[in-house]
Amino acid sequence: KDPNFIFSTRWTPVQERLSCMARNNSIYVVANIGDKKPCDSSDPSCPRDGRYHYNTDVVFDAQGKLVARYHKYNLFLGENQFNYPKEPEAVTFETPFGKFGIFTCFDILFYEPAVVLVSKMQVDTVLFPTAWMNVLPFLTAIEFHSAWAMGMGVNVLAANTHNTSMEMTGSGIYAPTGARAYSYNMKSEDGHLLIAELDAHPRLSPVSPPAVSWNSYALSVDRFSRNGHEFTGIIFEDPFTFTELTKPGGNVTVCQKDLCCHLSYKMAEKRDDEVYVLGAFDGLHVFEGQYYLQVILWRGKKPTKSVITVMLFGRLYERDHLKQDPQPTWLPMIFP
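Once you know that position 224 of the sequence shown is 224 in full-length UniProt numbering, the rest is easy, because the numbers rise by one and skip nothing.
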C-alpha cells in the first residue's frame, strides 16, 4: 500500500481499490462516489453533522494517482442526501490522448459546468458517469447523449447505471459524427463492455463537421405562410403549438413566441390513417426540474404506434438565473 498513489492522507478502501485498479492495469479509471468534507461553525452554511456530502466523480490515471475530482453542481430531484457546492467547478485534466472534462447526469442540461468545459476550457472528450432515467420523448439516453456530442463537437463517454426497474439503461461512446458504440438493454440486468476508437482531438479531425452559425442559418431559411390549422398539445408537460401536415408534400410553418420552424417536405407515401404534425415549444419546462427550452419536432402517428421522427432540442441558457452566453445549444435528435 502506497498512499502516494492518491493525493490524500485519509484515503478509503474504495479509493485504494480504484487506485490499484488503475495502476495494475495501466488505465485511467473514472468512478462516481460520495465525498464528505468537514466544516465548522465558522461556516454559516455548515450542516448540523459538521460535514458536507457531495455527489462526486473521481479520476485515477495509469499510475494510480488521483488526477481529477468533481462535485456535482446540478442535483436532480431526490438527491436530498447531497449538498450543493457553493460554486460550479469546471474540472479538466490532460492526458497523452487529449484534454478531458467531467460532469454528471443532470449537469448536461445546464450551462455550468457542461458548456463551459467545451466553449471555454476547450476539452476534447467529456467523461459522463450517470444514473439516467429514460423519459420519452426528449430525455432518452442514447439519443440525447449522442446529440450532445454532435452539437458540442466533442467526444462523450457515457456510462449509465443499468437498472431496468427505474428505466435506467443506455450507455455509449459518442463522437461529433455520431455514436461509435452503444448498449441499450431493458431485458436483463447484465452489464456490457463497450470498446471503440475515437479521434483524440475531434476538432482537428478532417471529418469533423464544421461549426454552424445558427443565426446566419435562420436568416437564410425560406419563410412559408401559416396554414391556420394550429392547435395545442401537451408533450412532457409542455404546451406545444402544432400544425398538421395534411398533404403528401408542401411547405408549412409553425410558430410559438419567438420560435418559428419552416418545413419543406415530401412524403414517399401517406396513408389516410396516418397523421403527421410539426410542433414547436418555446418556454420554461417545469416538470422534474426547471429550465428554458426551444424544441422543434416532427411527429408521426400510425395506426399501431406513435413516434417522433426528427427533433431539434435547444437549451436557452440566457433565460436561466445564471449569467450565461446568449446563444442556445441545439441538439439534433433522430429517433428510429
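Backbone N, C-alpha and C fix where the C-beta goes; we use that ideal spot for every residue, glycine too.
Name the DSSP bridge partner or partners of residue 256? 259
Determine whether the beta carbon atoms of residue 131 and residue 168 lie at a separation below 8 Å. yes
Pick helix, strand or coil for residue 290, following the three-state DSSP scheme. coil
Taking 8 Å as the cut-off, decide whether the C-beta atoms of residue 282 and residue 263 are in contact. no
Buried/exposed call for residue 219, threshold 16 Cβ in 10 Å: exposed
Given 8 Å as the limit, is there contact between the segment 181–188 and the segment 87–105, that is, 3 or more CB pairs closer than that? no
Exposed or buried, residue 294, counting other C-beta atoms within 10 Å across all chains shown (16 or more means buried)? buried
Kindly indicate which residue of 118, 112, 59 has the alpha-carbon position closest to the one of residue 93. 59
DSSP state of residue 107 mapped onto helix, strand, coil: helix
Could you tell me the alpha carbon to alpha carbon distance between residue 120 and residue 152, rounded to whole angstroms? 12 Å
Distance, Cα to Cα, residue 125 vs residue 243? 39 Å
Length of the line joining the Cα atoms of residue 112 and residue 272: 47 Å
Could you pull the DSSP bridge partners for residue 37 from this structure? 52
The alpha helix (DSSP H) enclosing residue 208, as first and last residue numbers: Unbroken run through residue 208: none, as it is neither H nor E.
Residue 171 and residue 160: beta carbons closer than 8 Å? yes
Residue 289 versus 76, 192, 238, 210, residue with shortest Cα-Cα distance: 76
Spatial neighbours of residue 54 within its chain, please: CB distance less than 8 Å, with the 5 preceding and 5 following residues excluded, ordered by chain position. 34, 35, 36, 37, 71, 72, 82, 83, 85
Take the Cβ of residue 326 as the centre, count every other Cβ of all protein chains shown within 10 Å, and call the residue buried at 16 or more, exposed below. Because the pLDDT of residue 326 is 41, which lies under 50, any placement of that residue in the model is unreliable, and the question is left without a value.
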